[in-house]
Structures are given as C-alpha cells and as structure tokens.
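Undergrad:
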Amino acid sequence: TWLRRRCAIATQVEPEAVVAALRAGLDAGGLSDEELHALSGLLTFGPARQAPSDARRRRALATAALLRWVADMARRQPLLLAIEDAHWADPSTRDLLALLAARAEHSRLLLLVTHRPEFQPPWTGLPQVTELRLSRLPRRETRRLVEALPGADMLTGALLDTIAARCDGVPL
Numbered sequence: 068t069w070l071r072r073r074c075a076i077a078t079q080v081e082p083e084a085v086v087a088a089l090r091a092g093l094d095a096g097g098l099s100d101e102e103l104h105a106l107s108g109l110l111t112f113g114p115a116r117q118a119p120s121d122a123r124r125r126r127a128l129a130t131a132a133l134l135r136w137v138a139d140m141a142r143r144q145p146l147l148l149a150i151e152d153a154h155w156a157d158p159s160t161r162d163l164l165a166l167l168a169a170r171a172e173h174s175r176l177l178l179l180v181t182h183r184p185e186f187q188p189p190w191t192g193l194p195q196v197t198e199l200r201l202s203r204l205p206r207r208e209t210r211r212l213v214e215a216l217p218g219a220d221m222l223t224g225a226l227l228d229t230i231a232a233r234c235d236g237v238p239l
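Under this note's numbering, the letters of the sequence shown match residues 68 to 239, in that order.
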C-alpha cells in the first residue's frame, strides 16, 4: 500500500508500468532493473507457477532493494518509518522490520512500530531499541480525549460515557 501511494501506482497496472513508476517515485537511481522488477512483484501478480528458488531470489532482491532504499533516504535526511499493528504483519514484513531495526543503530532512521502486547518482536533486545508499553487509559482520561474531538459538543453526557466505557481504555 505504501509503495503504491508513494509512487502513484493504480491496482491494475502492467508490470513494466509499475517498474517505471517505482523508478520515478522512489528516486531509485541506485537500484538495478532486477531489484526494481523484484519490487514490482510486490505490487503485481506474477506468473502462476514459479520455481521456489525464483521466489526466494525475488524476495531476497526485493528485501535488499527496500533496505538499500531506506538506508539511502536516511543518509539524505532523518527518516521516520511508522508501522502500525505489526502483530498483523506477514512473515516477510516481520523479517524486513527486524532487518531495519538491526540496521537502525548506525543510521538516521527512527522506526516506530506499534503492536499488541502479546506480539513478541525479535528486535526487542537490541541496544538501539526502546520499548514503551502503554497501558489503557482511565475512563476519565478517555472521556477527555473524546470531548476534545471536533463535534463532541453535540454529544450528550450519557453518550460520552458510553463511548468511554466501550473503548475500554483504548480510545481509537
């Protein structure tokens, strides 16, 4: 989704058009054609049957391309990558996040990852990682957040109490 938005790629696009959009949208002068094609595979449907070694190679190329691109961006200017709900991430994305976290120590990358408490990310023990556990908000604080929203003045006190009670301290 992020690559599609960043590079303005529609969902039904030919693979070569995706490669061209990636080249332009990522300012990908340092990425090879092979890496760009591997990245495009994240956004398009490939051949129906592929040899497992080809799939592993494409995955490795796509991962390497993303890592190099993020490192290049962080060299140019400080970079914040915010990843929400990592507990829902697929294994490839989790692997990529672990690699980014491992490399963040020597770069200007701040990787902000949110996840549920039961998720145990592999990067937690790294020296450059700070874990901040947030507890549920008390109902009074939750209600204050809801009251600060635009249009909240139109809600009754009873409805505000109901909202605060139903969100159980997680006022999303």
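Even glycine gets a Cβ: it sits at the ideal position worked out from N, Cα and C.
Computed from a prediction, not measured in an experiment: that's the story for all the values here.
#1: For a quick check, are the C-beta atoms of Arg206 and Leu227 less than 7 Å apart?
#2: Taking only three categories from DSSP, how would you classify Ala149?
#3: May I ask which residues mark the beginning and end of the alpha helix (DSSP H) holding Leu166?
#4: Check for me: the beta strand (DSSP E) holding Leu179 runs from which residue to which?
#5: Can you look up Asp100 in the DSSP assignment and give me helix, strand or coil?
#6: Are the region 128 to 141 and the region 83 to 99 touching by the rule of at least three beta carbon pairs closer than 8 Å?
#7: Less than 8 Å between C-beta atoms, sequence neighbours within five positions excluded: which residues of the same chain meet that for Asp235?
#8: Taking the alpha-carbon positions, what's the Asp121 to Val86 distance?
#9: Going by beta-carbon coordinates alone, are His154 and His173 separated by less than 7 Å?
#10: Tell me the residue span of the alpha helix (DSSP H) that contains Ile76.
#11: Expressed to the nearest angstrom, what Euclidean distance is found between the alpha-carbon atoms of Glu214 and Leu147?
#12: Please determine, among His104, Ser99, Glu102 and Leu110, the residue with the shortest C-alpha to C-alpha distance to Ala75.
TA: Short version:
#1: As a first step, residue 206 must be located in the sequence shown, where it is residue number 139. As a first step, residue 227 must be located in the sequence shown, where it is residue number 160. Cβ distance not < 7 Å, so Arg206 and Leu227 don't count as in contact.
#2: As a first step, residue 149 is located in the sequence shown; it is residue number 82 there, counting from the start. Strand.
#3: Your numbering for residue 166 matches position 99 in the sequence shown. Unbroken alpha helix (DSSP H) run through Leu166: Pro158 to Arg170.
#4: Stepping through the sequence shown from its first residue, residue 179 is reached at position 112. Segment Leu176 to Val180, the beta strand (DSSP E) holding Leu179.
#5: In the sequence shown, the residue the question calls residue 100 occupies position 33. Helix at Asp100.
#6: yes
#7: Start at 1 with the first residue of the sequence shown, and residue 235 comes out as number 168. Contacts found: Arg203.
#8: Your numbering for residue 121 matches position 54 in the sequence shown. Your numbering for residue 86 matches position 19 in the sequence shown. Their Cα atoms are separated by approximately 18 Å.
#9: Along the sequence shown, one-based indexing puts residue 154 at 87. Along the sequence shown, one-based indexing puts residue 173 at 106. No.
#10: Indexing the sequence shown from 1 puts residue 76 at position 9. Run containing Ile76: none; DSSP gives neither H nor E here.
#11: To locate residue 214, count along the sequence shown from 1; it is residue 147. To locate residue 147, count along the sequence shown from 1; it is residue 80. Between Glu214 and Leu147, the C-alpha separation is close to 30 Å.
#12: Within the sequence shown, residue 75 is the residue found at index 8, counting from 1. Among His104, Ser99, Glu102 and Leu110, the Cα nearest to that of Ala75 is on Leu110.
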